[in-house]
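In what follows, a single structure is set out as structure tokens and then discussed.
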Ligand code: SF4
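Numbering (the working numbering), first residue to last: 58 to 351.
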């Protein structure tokens, strides 16, 4: 487990969280906080809303929801509609402590007993540990890789698996017959938003056999800005003024920027072969829709 990280075992009252306005109906987050410590992480804002510290309180103090899989088993019995469940929307289900606690693994075991489509989102190569369970689910695994630069990843996502390890995870998942692709998210202005950078990620994803490649621009909630700006100040000070201006009084970049970014991503996607698959059973969500929401 991560050095200098405090783990608290807690019990929670519910596992499934109802989600509005997303292409999935429920989210599952087996941990509070995330020791990956990504400098841009939007989930820091969820911590702020709960009155908790968004810095070390988010990424060095992890709450482990020890009764989560058992609760989920009970809650799944009450779900009548075939709705999509997303695992890992506010924490990485395969962060370091999962190796010891195995809450995510037991969550997947609970899901195997249900017919619901599942989306798994992670920056962790540990996901391959659960290939045996994933192969029994109607699942899409979104491996989040915003850059193939090991150095940029090391500074901006200090405790995530290196990009090469994540790409290898995609390869192993796809080889095992699991629908897995690359969610390049978030794309960082001035750092990973160039045509060349997007092309490099798309190319690497295609070589790994990814079935989809999608992107998401950076979003900076007020409680996240100090962390991201501190990262820029330390590592890329020349980018700080333009980024502060871009996100002044706003959370998302302006439309003209996101449209141009999407166009570059579309061109990168078109240069390689990605075979988007629907869920095995009828289901409206596609990876294209996912990139709008995750
Ligand atoms: S892995 Fe995901 S949830 Fe964890 S810190 Fe990074 S962006 Fe946030």
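No residue lacks a Cβ here, since even glycine has one placed at the ideal position from N, Cα and C.
The structure presented is a predicted model; accordingly, all values stated were derived computationally and were not measured.
Nearest-angstrom Cα separation, counted from residue j out to residue i
{"i": "residue 297", "j": "residue 251", "result": "17 angstroms"}
{"i": "residue 167", "j": "residue 196", "result": "14 angstroms"}
{"i": "residue 135", "j": "residue 79", "result": "21 angstroms"}
{"i": "residue 350", "j": "residue 161", "result": "Here residue 350 scores only 43 on pLDDT, less than 50, and its place in the model should not be relied on; the value that follows carries that caveat. Rounded to whole angstroms, residue 350 to residue 161 spans 22 angstroms at the Cα level."}
{"i": "residue 293", "j": "residue 257", "result": "21 angstroms"}
{"i": "residue 103", "j": "residue 112", "result": "12 angstroms"}
{"i": "residue 317", "j": "residue 305", "result": "20 angstroms"}
{"i": "residue 221", "j": "residue 315", "result": "27 angstroms"}
{"i": "residue 159", "j": "residue 72", "result": "15 angstroms"}
{"i": "residue 341", "j": "residue 335", "result": "No answer about residue 341 holds up, because its pLDDT of 47 lies below 50 and its placement is not dependable."}
{"i": "residue 310", "j": "residue 65", "result": "36 angstroms"}
{"i": "residue 119", "j": "residue 200", "result": "22 angstroms"}
{"i": "residue 327", "j": "residue 253", "result": "14 angstroms"}
{"i": "residue 303", "j": "residue 137", "result": "44 angstroms"}
{"i": "residue 244", "j": "residue 278", "result": "15 angstroms"}
{"i": "residue 226", "j": "residue 295", "result": "34 angstroms"}
{"i": "residue 116", "j": "residue 76", "result": "24 angstroms"}
{"i": "residue 210", "j": "residue 154", "result": "20 angstroms"}
{"i": "residue 74", "j": "residue 146", "result": "11 angstroms"}
{"i": "residue 99", "j": "residue 274", "result": "12 angstroms"}
{"i": "residue 313", "j": "residue 124", "result": "45 angstroms"}
{"i": "residue 150", "j": "residue 81", "result": "17 angstroms"}
Neighbourhood of residue i by C-beta distance below 8 angstroms, restricted to the same chain and skipping five residues each side
{"i": "residue 300", "result": "246, 247, 285, 286, 289"}
{"i": "residue 191", "result": "165, 177, 184, 198, 230, 233, 235"}
{"i": "residue 114", "result": "90, 104"}
{"i": "residue 170", "result": "130, 133"}
{"i": "residue 370", "result": "Within the shown structure, residues of the chain are numbered from 58 to 351, placing residue 370 beyond reach of any answer."}
Nearest residue (CA-CA) to residue i, options the options
{"i": "residue 276", "options": "95, 73, 71, 87", "result": "95"}
{"i": "residue 83", "options": "100, 125, 173", "result": "173"}
{"i": "residue 108", "options": "125, 97, 90, 124", "result": "90"}
{"i": "residue 307", "options": "319, 295, 327, 282", "result": "282"}
{"i": "residue 291", "options": "212, 216, 337", "result": "212"}
{"i": "residue 130", "options": "118, 116, 85, 313", "result": "85"}
{"i": "residue 249", "options": "278, 207, 263", "result": "207"}
{"i": "residue 152", "options": "60, 189, 128, 81", "result": "60"}
Nearest-angstrom Cβ-Cβ length linking residue i and residue j, presumed shorter than 8 angstroms
{"i": "residue 121", "j": "residue 67", "result": "7 angstroms"}
{"i": "residue 139", "j": "residue 58", "result": "Between residue 58 and residue 139 the Cβ distance is about 36 angstroms, and since that is not below 8 angstroms, they are no contact."}
{"i": "residue 148", "j": "residue 88", "result": "4 angstroms"}
{"i": "residue 268", "j": "residue 237", "result": "7 angstroms"}
{"i": "residue 352", "j": "residue 242", "result": "Residue coverage of the chain in this structure runs from 58 to 351, which leaves residue 352 outside it and unanswerable."}
Spatial neighbours of residue i in its chain, beta-carbon cut-off 6 angstroms, leaving aside the 5 residues before and after
{"i": "residue 255", "result": "321, 322, 325"}
{"i": "residue 69", "result": "122"}
{"i": "residue 224", "result": "261, 265"}
{"i": "residue 126", "result": "163, 164, 167"}
{"i": "residue 337", "result": "195"}
{"i": "residue 128", "result": "72"}
heavy atom of the ligand MN below 6 angstroms from residue i C-beta
{"i": "residue 236", "result": "Absence of the ligand MN is noted for the structure shown, with the ligand SF4 being the only ligands found."}
Same chain only: Cβ atoms within 7 angstroms of residue i, ignoring 5 sequence neighbours per side
{"i": "residue 280", "result": "101, 102, 105, 111"}
{"i": "residue 214", "result": "93, 95, 180"}
{"i": "residue 175", "result": "142, 144, 168, 194, 195, 196"}
{"i": "residue 205", "result": "220, 257, 258, 261"}
Are three or more beta carbon pairs between the segment 170 to 187 and the segment 219 to 236 nearer than 8 angstroms? yes
For the pair the segment 323 to 338 and the segment 254 to 271, tell me if three or more CB-CB distances fall below 8 angstroms. yes
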